[in-house]
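Visitor: One structure coming up, written as structure tokens, with questions to follow.
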Amino acid sequence: MPITVRDQLPAIAALRNENVFVMPQSRAKSQEIRPMRLAILNLMPNKVETEVQFIRLLANSPLQVNVDLLRLDTHRSKTTSEQHLDTFYKYFSEVKDFNYDGLIVTGAPLAHLEYEQVGYWHELQLILDWAEHHVTSTLFSCWAAHASLFHHYGLKRHLREAKLCGVFKHQRYFEHAALTRGFDDDFLVPHSRYGHIDIEQIETESDLEVLAGSNQVGAYLIKNKSGSQVFLTGHPEYDATTLKGEYLRDCAKSHNAPKPVNYFPDDNPDINPSKTWQSHAFLLFSNWLNYYVYQTTPYDINLVSQDVRTNNYAE
């Protein structure tokens with residue numbers, strides 16, 4: 025949430041030079057506040073676990089956020105009960121005429137399929153285009169980030185020979201970027217993917233900015249200039265034992281399954297790992313909700329479809 029101070033306080037100008045948003049009292053008195061309306065399109069097979077992970081991060085904000093869980097019309101889950109989905113989820117067709125302040129599109133375990141081979145690719149494309157006119161800011165996670173970069177910008181991912189799996193050190197590339205405000209210079213994020221898009225390839229698109237990454241993982245945090253699209257190639261939402269569960273699953277399929285790096289204490293899978301990335305995960309989602317949802321979306325949510333974005337101070 026923004027800090028509110030008296031008008032003309034000298035600190036306002038100094039902090040604005042650092043891209044820190046400080047609200048004068050005159051503006052604060054004129055603000056109208058309503059709950060944020062956000063949707064999560066959950067493409068993961070372990071839907072209940074994924075719900076918990078993302079809602080946990082959203083709940084760390086002081087904002088009131090009303091969340092709708094969305095499912096695809098053209099795909100049936102094989103791992104989550106229909107009773108759970110019928111009770112807690114809405115089909116996309118039920119909400120396509122609505123507007124949202126924010127949307128999260130989760131990853132999906134589809135690394136080795138071409139996008140056109142994915143059974144619900146056509147519907148996902150429709151949703152990506154729909155979000156451009158019905159959502160103030162959309163956050164794409166892992167596979168969805170690469171799929172969206174391909175759909176919107178034609179950026180093709182490459183598949184690594186070995187899975188990138190583990191907890192990796194990242195660097196923020198801009199000192200005062202809104203999404204990484206409050207981050208340490210170095211921070212940790214889990215990754216579990218084969219897909220990869222070179223930073224140099226992303227930077228050929230003038231509308232895209234790479235805000236964080238590393239030589240080892242490449243681009244991690246990307247956004248378009250308006251902040252209406254945010255892309256995460258890693259998994260800050262993961263629980264402490266999520267990578268362990270994936271590793272044990274992979275070991276059951278192959279004795280050559282890659283062990284997550286920088287994850288198990290003493291590199292011993294028999295010792296439970298610690299969660300070393302949580303504080304930055306909370307901060308990232310709080311920054312996104314504040315600067316690119318709450319501070320950006322129009323008070324009248326019906327105006328989202330008119331592409332009314334009021335943010336002029338976050339970056």
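In terms of our numbering, the numbers along the sequence shown are unbroken and rise by one, the last being 339. Where a beta carbon is used, it is the ideal one built from N, C-alpha and C, also for glycine.
#1: My parser needs the alpha helix (DSSP H) runs of 4 or more residues fully inside the segment 135-187; what are they?
#2: I want to know whether the segment 305-315 touches the segment 103-111 - three or more CB-CB distances under 8 Å.
#3: Quick check: S298 and S161, are their CB atoms within less than 7 Å of each other?
#4: Assess, as a yes-or-no matter, whether the segment 242-256 is touched by the segment 278-289 under the definition of 3 or more beta carbon pairs within less than 8 Å.
#5: Quick check: D125 and T321, are their CB atoms within less than 7 Å of each other?
#6: Which whole-angstrom value is the C-beta distance of S165 and I128, which I expect to be below 8 Å?
#7: Return the chain-ordered list of same chain residues with a C-beta closer than 8 Å to the C-beta of E261, the five sequence neighbours on each side being excluded.
#8: Could you tell me whether any non-hydrogen atom of the ligand ATP is closer than 6 Å to the CB of D110?
#9: Let's test the definition: count the other Cβ atoms within 10 Å of the Cβ of L232 and tell me whether it reaches 16, buried, or not, exposed.
#10: Taking the beta carbon of G190 as the centre, do at least 16 other beta carbons fall within 10 Å, making it buried, or is it exposed?
#11: Are the CB atoms of L179 and I221 within a distance shorter than 7 Å?
#12: Is the CB-CB distance between A63 and L94 below 7 Å?
#13: Give me the DSSP bridge partner(s) of P214.
#14: Need the endpoints of the alpha helix (DSSP H) that F78 sits in, please.
#15: Could you tell me the alpha carbon to alpha carbon distance between F288 and D210, rounded to whole angstroms?
#16: Run through DSSP, which three-state label would R61 get?
#17: Among K187, S230, Q240, D291, which one has its Cα closest to the Cα of Y218?
#18: Could you tell me which whole alpha helix (DSSP H) segments of length 4 or greater appear in the segment 216-266?
#19: Within 10 Å of its beta-carbon, does K102 have 16 or more other beta-carbons around it, so buried, or fewer, so exposed?
#20: Do S310 and N84 come within 7 Å of each other at the CB atom, strictly closer than that value?
#21: Flag this pair as yes or no: are the beta carbons of T98 and K71 separated by less than 7 Å?
#22: Which first and last residues belong to the beta strand (DSSP E) in which N326 is found?
#23: Cβ atoms of W301 and V213: under 7 Å apart, would you say?
#24: For I128, list the residues DSSP reports as bridge partners.
#25: Would a C-beta distance cut-off of 7 Å place S216 and E270 closer than the cut-off?
#26: Quick one: which unbroken alpha helix (DSSP H) runs of 4-plus residues sit fully inside the segment 277-327? Chain order, please.
Guide: Let's see:
#1: You should have 145-158, 167-177.
#2: Judged by pairs of C-beta atoms under 8 Å, the segment 305-315 does not touch the segment 103-111, as fewer than three such pairs exist.
#3: Their beta carbons are not under 7 Å apart, which means S298 does not touch S161 by this criterion.
#4: Taking a cut-off of 8 Å for Cβ pairs, the segment 278-289 and the segment 242-256 do not touch, as fewer than three such pairs fall below it.
#5: The beta carbons of D125 and T321 sit closer together than 7 Å.
#6: Right, their Cβ atoms sit about 7 Å apart.
#7: Excluding positions up to five away in sequence, the list reads T74, Q77, F78, R80, L81, S165, A305.
#8: As for the ligand ATP, it is missing from this structure, which has no ligand bound.
#9: Classification for L232: buried.
#10: Classification for G190: buried.
#11: Between I221 and L179, the CB-CB gap stays under 7 Å.
#12: Yes. Within cutoff.
#13: DSSP, once it has assigned bridges, lists V191 as partnering P214.
#14: Judged by DSSP secondary structure, F78 falls within the alpha helix (DSSP H) whose first and last residues are 71-82.
#15: So the alpha carbons of these two residues sit roughly 20 Å apart.
#16: Strand.
#17: Looking at K187, S230, Q240, D291, the one whose alpha-carbon comes closest to that of Y218 is K187.
#18: The segment 216-266 contains these whole alpha helix (DSSP H) runs: 223-226.
#19: If you draw a 10 Å sphere on the C-beta of K102, you find fewer than 16 other C-beta atoms in it, and that means exposed.
#20: S310 is positioned such that its CB atom lies closer than 7 Å to that of N84.
#21: No, they are not a contact pair.
#22: Premise fails: N326 is in no beta strand (DSSP E) and is neither H nor E.
#23: Going by C-beta atoms, V213 is nearer than 7 Å to W301.
#24: When DSSP reads this structure, I128 sits in a beta bridge with I64, L163.
#25: In this structure, E270 lies closer than 7 Å to S216 by Cβ.
#26: At a cut-off of 4 residues, the continuous stretches assigned as alpha helix (DSSP H) that sit fully inside the segment 277-327 are 302-311.
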